[in-house]
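Everything on this sheet refers to the single structure shown next.
Protein chains: 2
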Amino acid sequence: MKTYQLNGTIYYCPVDLTLSVIGGRWQGLVIYSLREKAKRFNEIKRELVTINDKMLSQTLKKLVEQEILNRKSYNEIPPKVEYSLTEKGKKLLPIFTQMEKWGKEAVL
Amino acid sequence: MKTYQLNGTIYYCPVDLTLSVIGGRWQGLVIYSLREKAKRFNEIKRELVTINDKMLSQTLKKLVEQEILNRKSYNEIPPKVEYSLTEKGKKLLPIFTQMEKWGKEAVL
DNA sequence: GAAAGCACTATCTTTTTGGTAAGTAAAGGG
DNA sequence: CCCTTTACTTACCAAAAAGATAGTGCTTTC
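Same order as they appear, the protein sequences are chains L and S. With the first letter of the first sequence counted as 1, position 1 gets the number 1 in the numbering used here; the numbers rise by one all the way through. Quick note: to get the numbering used here, add 1000 to the position in the second sequence (first position is 1).
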């Protein structure tokens, strides 16, 4: 059986691998919220409404490790940190375009 | 704020709604495994390798309720039950096409 | 007559997720 | 001086999801 490996984990197919990046409670939504431009921690938080600090920082950390997001910290006080999609992350956007489409049709 | 409703749950955007259908540990993979043809319980199980009986029947049940899958039971012994994508379910396939693509690139 | 196949369900344990609250460091405003 | 702002981390507890294992009822095969 062919397998696919990413960050030390083995997946049995490419879809499984992709789902590990965008599935889960918050990962997909965080990526999607950065589709147009870089945003700060609290901006993302306000957009996702029901996420809390703990979940957001956990999710951001993971996505940075997976090289889906860039983290840019300005040395200011109060702190300013911006998150944006990497090239790898931007390539996920066509998936979200299709999801948008399906989601809109599903509620009709 | 605009909201989207499906099966009594409210989502703040169409992507959130779609993720509730294909995200989660097994839902997406079960849908994807039925992309070409109807399959029986044990066929799906063999394909997904690490899923167990409980998770598979739970996932199938949920997807049938959401009208993503059809369940067809033949009155035979030993039992024969086939699962297939509904029209609504088939419309999810472009999402998986994009996921496949990304997953294949990600391991390069 | 034991074992395997089928599509499940029931029960239990472990892991993951979520929720709340508190703490940090330094600057700016009242 | 105290409060606010920012982007976090840590601790603790509760709830939800996932996972492991066993059992069911009936038939065909070895």
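For every residue, glycine included, the Cβ atom is placed at its ideal position computed from N, Cα and C. Since the structure is predicted, the reported quantities are computational estimates derived from the model, not experimental observations.
### Query
Is the beta carbon of S:Leu1127 sitting closer than 8 Å to the one on L:Ala106?
Given a span of 1001 to 1108 for chain S in the structure shown, any question on residue 1127 of chain S remains unanswerable.
#### Entry: Where L:Ile44 falls: helix, strand or coil (DSSP)
Stepping through the first sequence from its first residue, residue 44 of chain L is reached at position 44. In this structure, L:Ile44 counts as helix in the three-state DSSP scheme.
### Message
Is there a Cβ of chain L sitting closer than 8 Å to that of S:Pro1069, yes or no?
### Response
Taking the first residue of the second sequence as 1, we reach residue 1069 of chain S at position 69. Sequence inspection shows Leu at residue 1069 of chain S; the Pro mentioned does not correspond to that position. Using a Cβ-Cβ cut-off of 8 Å, S:Leu1069 does not count as an interface residue toward chain L, since no Cβ of chain L sits closer than that to its own.
### Message
Is the separation between the beta-carbon of S:Lys1006 and that of S:Val1030 shorter than 8 Å?
### Response
Counting from 1 along the second sequence, the entry for residue 1006 of chain S is found at position 6. Counting from 1 along the second sequence, the entry for residue 1030 of chain S is found at position 30. First, the residue type needs correcting, since residue 1006 of chain S is Leu and not Lys in the sequence shown. Contact: no.
### Task
Within 10 angstroms of the Cβ of S:Tyr1074, are there 16 or more other Cβ atoms? Answer buried if so, exposed if not.
As a first step, residue 1074 of chain S must be located in the second sequence, where it is residue number 74. Exposed, since its Cβ has fewer than 16 Cβ neighbours within 10 Å.
### Query
Per DSSP, what kind of secondary structure is L:Glu105 in: helix, strand or coil?
Translated into positions along the first sequence, residue 105 of chain L becomes position 105. Helix, per DSSP.
### Query
From S:Ile1010 to L:Gln98, what distance separates their C-alpha atoms?
Counted from its first residue, the second sequence places residue 1010 of chain S at position 10. Counted from its first residue, the first sequence places residue 98 of chain L at position 98. Straight-line Cα distance between these residues: approximately 20 Å.
### Task
Tell me whether S:Leu1108 is buried or exposed, calling it buried when 16 or more other Cβ atoms sit within 10 Å of its Cβ.
Position 108 of the second sequence, counting from 1, holds the residue named residue 1108 of chain S. S:Leu1108 is exposed by the Cβ-count criterion.
### Query
Over what stretch of residues does the beta strand (DSSP E) that includes L:Val81 continue unbroken?
The residue labelled residue 81 of chain L in the question sits at position 81 within the first sequence. First-last of the beta strand (DSSP E) with L:Val81: Lys80 to Leu85.
### Query
Who are the neighbours of S:Lys1104 on chain L, taking C-beta pairs under 7 Å?
As a first step, residue 1104 of chain S must be located in the second sequence, where it is residue number 104. Within 7 Å Cβ-Cβ: Pro14.
### Task
For chain L, find out if any of its Cβ atoms is closer than 8 Å to the Cβ of S:Ile1077; answer yes or no.
Along the second sequence, one-based indexing puts residue 1077 of chain S at 77. No, S:Ile1077 does not count as interfacial toward chain L.
### Query
Does DSSP classify L:Leu69 as helix, strand or coil?
What you label residue 69 of chain L is simply residue 69 of the first sequence in a count that begins at 1. Three-state result, L:Leu69: strand.
### Task
Kindly indicate which three-state DSSP category L:Thr9 falls into: helix, strand or coil?
Taking the first residue of the first sequence as position 1, residue 9 of chain L is located at position 9. Of the three classes helix, strand and coil, the one that applies to L:Thr9 here is strand, per DSSP.
### Task
Indicate whether at least one CB of chain L lies closer than 8 Å to the CB of S:Thr1059.
The sequence position of residue 1059 of chain S within the second sequence is 59, counting from 1. Not an interface residue.
#### Entry: Coarse secondary structure for S:Lys1091, derived from DSSP in three states
Within the second sequence, residue 1091 of chain S is the residue found at index 91, counting from 1. DSSP places S:Lys1091 in coil when its eight states are reduced to three.
### Task
Give the DSSP bridge partners of L:Lys39, in chain order.
As a working note, residue 39 of chain L is residue 39 in the first sequence. Per DSSP, L:Tyr83.
### Own chain, CB closer than 7 Å to L:Lys113, minus 5 neighbours either side, in chain order
The structure shown does not extend to residue 113 of chain L, since chain L spans only 1 to 108, so no value can be given for it.
#### Entry: Nearest residue (CA-CA) to S:Lys1048, options S:Ile1095, S:Tyr1032 and S:Tyr1012
Taking the second sequence and counting its residues from 1, the one referred to as residue 1048 of chain S is at position 48. Per the sequence shown, residue 1048 of chain S should be read as Leu rather than Lys. Answer by Cα proximity: S:Tyr1032.
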